[in-house]
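*Asks:* One structure is given below, represented as structure tokens, and several questions about it will come after.
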Amino acid sequence: MRILLFGKNGQVARCFQEEASERHEVIALGRDDADLSQPDTAAAVIEKYAPEVIVNAAAYTAVDRAEAEKELAALINTQAVREIARAAKIIGAHFIHLSTDYVFDGGCEGRYHEDDTTNPLNIYGSTKLDGELAALEEFDQTVIIRTSWVFSEYGGNFVKSMLHLAGERDALSVVDDQVGGPTAARDIAHAILMVAEKKQRGAKGKGVYHLQGTPPISWAGFAQTIFDEAGKNVIVTPIATSEYPTPAKRPLHTVLDCARIERDFGISQPDWRIAVRQVIDALNKEGNLP
Ligand SMILES: NC(=O)c1ccc[n+]([C@@H]2O[C@H](COP(=O)([O-])OP(=O)(O)OC[C@H]3O[C@@H](n4cnc5c(N)ncnc54)[C@H](OP(=O)(O)O)[C@@H]3O)[C@@H](O)[C@H]2O)c1
Numbered sequence: 411m412r413i414l415l416f417g418k419n420g421q422v423a424r425c426f427q428e429e430a431s432e433r434h435e436v437i438a439l440g441r442d443d444a445d446l447s448q449p450d451t452a453a454a455v456i457e458k459y460a461p462e463v464i465v466n467a468a469a470y471t472a473v474d475r476a477e478a479e480k481e482l483a484a485l486i487n488t489q490a491v492r493e494i495a496r497a498a499k500i501i502g503a504h505f506i507h508l509s510t511d512y513v514f515d516g517g518c519e520g521r522y523h524e525d526d527t528t529n530p531l532n533i534y535g536s537t538k539l540d541g542e543l544a545a546l547e548e549f550d551q552t553v554i555i556r557t558s559w560v561f562s563e564y565g566g567n568f569v570k571s572m573l574h575l576a577g578e579r580d581a582l583s584v585v586d587d588q589v590g591g592p593t594a595a596r597d598i599a600h601a602i603l604m605v606a607e608k609k610q611r612g613a614k615g616k617g618v619y620h621l622q623g624t625p626p627i628s629w630a631g632f633a634q635t636i637f638d639e640a641g642k643n644v645i646v647t648p649i650a651t652s653e654y655p656t657p658a659k660r661p662l663h664t665v666l667d668c669a670r671i672e673r674d675f676g677i678s679q680p681d682w683r684i685a686v687r688q689v690i691d692a693l694n695k696e697g698n699l700p
């Protein structure tokens with residue numbers, strides 16, 4: 411299968427290349443190959459490579475900075491996604507795109523289903539939601555996987571930040587009233603590959619899916635687990651979101667129901683605690699554990 415991947419240096423994209431390249435031709439494009447802040451460049455590369463599957467793992471992901479860069483975030487997270495979906499439909503390729511739990515406002519006490527009302531609280535979330543809508547409007551066969559709190563041994567993420575801080579401090583205050591699901595980039599990459607292979611074999615699934623690590627946890631609980639797994643003796647003091655102000659407002663409770671992706675593609679919810687151990691092992695092996 412020929413797979414065209416946007417966002418080649420991102421967390422999910424790097425894990426995807428490692429897994430998918432073993433059995434498929436993966437053409438990975440970065441900003442230099444296709445700058446998605448100029449959305450119409452996407453169609454030209456899609457036409458050039460004529461892939462059977464297109465994966466968009468590129469995005470404007472700087473949640474706080476997006477509050478001041480709304481137009482740039484919208485170009486990458488919305489307009490470029492529209493262009494990719496349109497081009498995918500024209501060449502008859504499967505299109506798999508990633509989105510976020512930040513499309514929700516976090517007011518749901520239970521689990522969010524894919525069809526529940528969206529109401530993003532920040533610019534990042536609203537540009538990602540507009541991207542979902544644009545993709546489905548252009549090409550209703552698009553598969554969109556909403557995920558959350560992504561971590562890996564690559565790039566910048568919460569696990570690496572906590573490990574770094576553990577080298578400098580013996581106590582940390584961490585937000586305890588935001589509850590969600592950490593999700594390993596490797597588990598997302600694996601799910602994308604399963605969806606791609608099943609779509610290629612005729613699977614009918616389309617539209618929005620949730621994929622989130624389990625069990626649900628707060629940022630403070632996540633931090634504590636990371637320190638425990640890494641053998642770092644750091645005292646975590648739970649604090650409220652109001653005590654840690656950020657430019658972008660974040661939803662308080664975004665636990666996602668993930669039954670639909672299991673039903674349509676046989677992908678079960680990954681346990682993020684196993685992945686934390688694997689990421690720490692990988693950083694250790696590379697001598698990169700701070
Ligand atoms: N990270 C999270 O916690 C999280 C949570 C929920 C959902 N998601 C979604 O999951 C997906 C993957 O996230 P991730 O954490 O793997 O992202 P990431 O590590 O931040 O990578 C995003 C990639 O997009 C590329 N990109 C940004 N602007 C671009 C442009 N103008 N043209 C071309 N490429 C551009 C970046 O390129 P450079 O390397 O050149 O900057 C980067 O490689 C995204 O759709 C994101 O919205 C992420």
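FYI, the numbering for the sequence shown is 411 to 700, going by the working numbering.
For every residue, glycine included, the Cβ atom is placed at its ideal position computed from N, Cα and C.
Just so it is clear, the structure is predicted and the values come from calculations on it, not from any experiment.
Any heavy atom of ligand 1 closer than 7 angstroms to the CB of K538?
*Replies:* Yes - ligand 1 has a heavy atom lying nearer than 7 angstroms to the Cβ of K538.
*Asks:* Is there at least one non-hydrogen atom of ligand 1 closer than 7 angstroms to the beta-carbon of R475?
*Replies:* R475 Cβ: outside cutoff for every heavy atom of ligand 1.
*Asks:* With a 10 Å radius around its C-beta and 16 neighbouring C-beta atoms as the bar for buried, classify S431 as buried or exposed.
*Replies:* S431 should be labelled exposed.
*Asks:* Straight-line CA distance for R701 to T664?
*Replies:* Within the shown structure, residues of the chain are numbered from 411 to 700, placing residue 701 beyond reach of any answer.
*Asks:* Below 6 angstroms CB to CB, which residues in the same chain sit around Q421 once its five sequence neighbours on both sides are set aside?
*Replies:* Once the five neighbours on either side are set aside, the close Cβ partners of Q421 are V560, S562, Y564, G565, A595.
*Asks:* In this structure, how does DSSP classify Y470 when only helix, strand and coil are distinguished?
*Replies:* Of the three classes helix, strand and coil, the one that applies to Y470 here is coil, per DSSP.
*Asks:* Using a Cβ-based criterion (distance less than 7 angstroms to any ligand heavy atom), does T651 qualify as near ligand 1?
*Replies:* Checking the Cβ of T651 against ligand 1 gives no.
*Asks:* When DSSP builds the beta bridges, which residues end up paired with Y522?
*Replies:* Per DSSP, L666.
*Asks:* In the DSSP assignment, find the alpha helix (DSSP H) that holds E772 and state where it starts and stops.
*Replies:* Because the chain is modelled from 411 through 700, residue 772 falls outside the range shown and cannot be assessed.
*Asks:* So if DSSP puts V553 in a beta bridge, which residue, or which two residues, is it bridged to?
*Replies:* In DSSP, V553 forms a bridge with I506, G617.
*Asks:* For S536, I'd like the list of residues in its chain whose CB is within less than 6 angstroms of its CB, leaving aside the five on either flank, ordered along the chain.
*Replies:* Hits under 6 angstroms: P530.
*Asks:* Could you check what DSSP says for A544 in three-state terms: helix, strand or coil?
*Replies:* Helix.
*Asks:* Which residues does DSSP list as the beta-bridge partners of I437?
*Replies:* DSSP output for I437 lists L414 as bridge partner(s).
*Asks:* Compute the beta-carbon to beta-carbon distance between V491 and G541, rounded to the nearest angstrom, for a pair I have assumed lies under 8 angstroms.
*Replies:* 4 angstroms between Cβ atoms; contact.
*Asks:* In three-state terms, what does DSSP make of G697?
*Replies:* Coil at G697, not helix or strand.
*Asks:* Tell me, please, which residues DSSP counts as bridged to A594.
*Replies:* Its beta-bridge partners are F561.
*Asks:* Between Y470 and ligand 1, is there a pair consisting of the residue's CB and a ligand heavy atom that are separated by less than 7 angstroms?
*Replies:* Answer for Y470: yes, Cβ within range of ligand 1.
*Asks:* Tell me the start and end of each unbroken beta strand (DSSP E) in the stretch 642-688 that is at least 3 residues and wholly inside, in chain order.
*Replies:* Fully enclosed beta strand (DSSP E) runs of 3 or longer: 645-649.
*Asks:* In its own chain, which residues sit with a C-beta less than 7 angstroms from the C-beta of E493, not counting the 5 before and 5 after it?
*Replies:* Counting only Cβ-Cβ distances below 7 angstroms, and skipping sequence neighbours, we find P449, D450, A452, A453.
*Asks:* Using the DSSP secondary-structure output, state which residues sit across from L582 in a beta bridge.
*Replies:* DSSP output for L582 lists V646 as bridge partner(s).
*Asks:* For a test of the three-state rule: what should DSSP assign to S447, helix, strand or coil?
*Replies:* Residue state, collapsed to three classes: coil.
*Asks:* Quick check: the Cα distance between R579 and V644, rounded to an integer number of angstroms?
*Replies:* When rounded, the distance between both Cα atoms is 7 angstroms.
*Asks:* Smallest Cα separation from A498: which of R433, E548, E428?
*Replies:* The candidate whose alpha carbon is nearest that of A498 is E548.
*Asks:* Quick check: the stretch 618-626 against the stretch 664-679, are there 3 or more CB pairs under 8 angstroms?
*Replies:* Touching, yes.
*Asks:* Pick from I555, H523, L582: whose alpha carbon is nearest that of A605?
*Replies:* Contrary to the premise, residue 605 reads as Val rather than Ala in this sequence. Answer by Cα proximity: I555.
*Asks:* How about W629 and V686: are their beta carbons less than 8 angstroms apart?
*Replies:* It is not a contact, given that the beta carbons lie outside the stated cut-off.
*Asks:* Have a look at L415 and H523 and give me their C-alpha separation to the nearest angstrom.
*Replies:* The alpha-carbon atoms of L415 and H523 are separated by roughly 27 angstroms.
*Asks:* Measure the Cβ-Cβ separation of I413 and V455 and say whether it is below 8 angstroms.
*Replies:* Cβ distance not < 8 angstroms, so I413 and V455 don't count as in contact.
*Asks:* Taking DSSP's pairing of strands, which residues face V465 in a bridge?
*Replies:* In the DSSP output, where bridge partners are listed per residue, V465 has L415, I506.
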